[in-house]
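Each remark here refers to the structure printed beneath this line.
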Amino acid sequence: MPEKKRTFAVIGLGNFGSTVARELTRFGNHVIGIDIDESRVSAHADILAQALIVDARDDAALKEAGLGECDTALVALGTDLEASILSAMNLKLVGVNTIWAKARTKTHHRILSRLGVDRIVHPEVEVGQHIAQVLHNPMVRDYVSLGNGYHVVNFRIPKSLEGRTLDELPHAEKYDLRCIGVMRGTQFIGRDGSGCVLHRDDLLLLLGQRADLRKFAASL
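Residue numbers for the sequence shown follow my numbering, beginning at 828 and rising by one.
What follows is the structure, given as structure tokens:
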């Protein structure tokens, strides 16, 4: 049975909003892009299912544009705090089930939270933290936060570990980490308990708490 197509609204088609809108469209979703800037809307007219010149501060305009039928809306407005807050309020008024919003400051975050926004994101802060973590340890190629202090980290196998097997690594017993597997290029080749022989530049996928992951990285 084919997956049901979801409908998203993206309020604000600046760099952040347009990137999200384009990616959601690429994933096969129905995306409505909203902005008051005619040039931004025109740039997305042939990309999104709908690109509309609408002032999201006007709840009647949002309702007329059909946003009440959307499953999820993202308020991606950046510098205009008032417009961001009013947009979130109006999306609730027209009946959008799930609302995400971009926040620039702690005060902005608190206001959006009080309005009942389901998820608040800080793109610049989150990306900056992500990059700092990767820059800090050259063995870490990338990581994903799972919440509650747990992360999945891609460790690039250094020359010192080349030729060793997963069973020889101290990740489980000494550092309380779980090996999800090993990636060699695009191939998944091993997991816990296997005799997988590691090659230089393989990616070791480990799950665990941040402190334990840092200790393991420092030991490499």
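Every residue gets a Cβ at the ideal spot worked out from N, C-alpha and C, and that includes glycine.
- Closest option to E896, judged by alpha-carbon separation, among D1028, A848, V921: V921.
- Following the DSSP letters along the chain, one finds D945 in no beta strand (DSSP E), marked with neither H nor E.
- In this chain, the beta strand (DSSP E) harbouring D862 covers 857 to 862.
- Excluding five sequence positions before and after V944, the CB atoms of its chain that fall closer than 6 Å to its own CB belong to A915, I926, A928, given in chain order.
- Rounded to the nearest angstrom, the gap between the Cα atoms of G844 and L851 is 11 Å.
- Only residues of its own chain outside the window of five on either side were considered, and among them H978, V980, L1004, L1033 have a CB closer than 7 Å to the CB of L1040, listed in chain order.
- Taken through DSSP and simplified to helix, strand or coil, T1013 comes out as coil.
- R884 counts as buried, since no fewer than 16 other beta carbons sit within 10 angstroms of its beta carbon.
- Counting along the chain, D886 sits inside the alpha helix (DSSP H) bounded by residues 886 to 891.
- Listed in chain order, the non-local C-beta contacts of S911 below 6 Å within the same chain comprise V902, L904, local neighbours out to five positions each way being set aside.
- Boundaries of the alpha helix (DSSP H) harbouring K1042: 1037 to 1046, taken from the DSSP string.
- Contact between the region 858 to 872 and the region 834 to 844 is present, with at least three C-beta pairs closer than 8 Å.
- Runs of the beta strand (DSSP E) spanning 3 or more residues and lying entirely within the region 895 to 949 occur at 899 to 902, 925 to 929, 946 to 948, in chain order.
- Between L1025 and R983 the beta-carbon gap is near 11 Å, outside 8 Å, which marks them as no contact.
- L1030 sits in a strand when the DSSP states are folded into three classes.
- With 16 or more neighbouring CB atoms inside 10 Å of its own CB, A892 falls in the buried class.
- In this structure V847 is not in contact with A876, their Cβ atoms being roughly 14 Å apart against a cut-off of 8 Å.
- Secondary structure of L973 (DSSP, three-state): strand.
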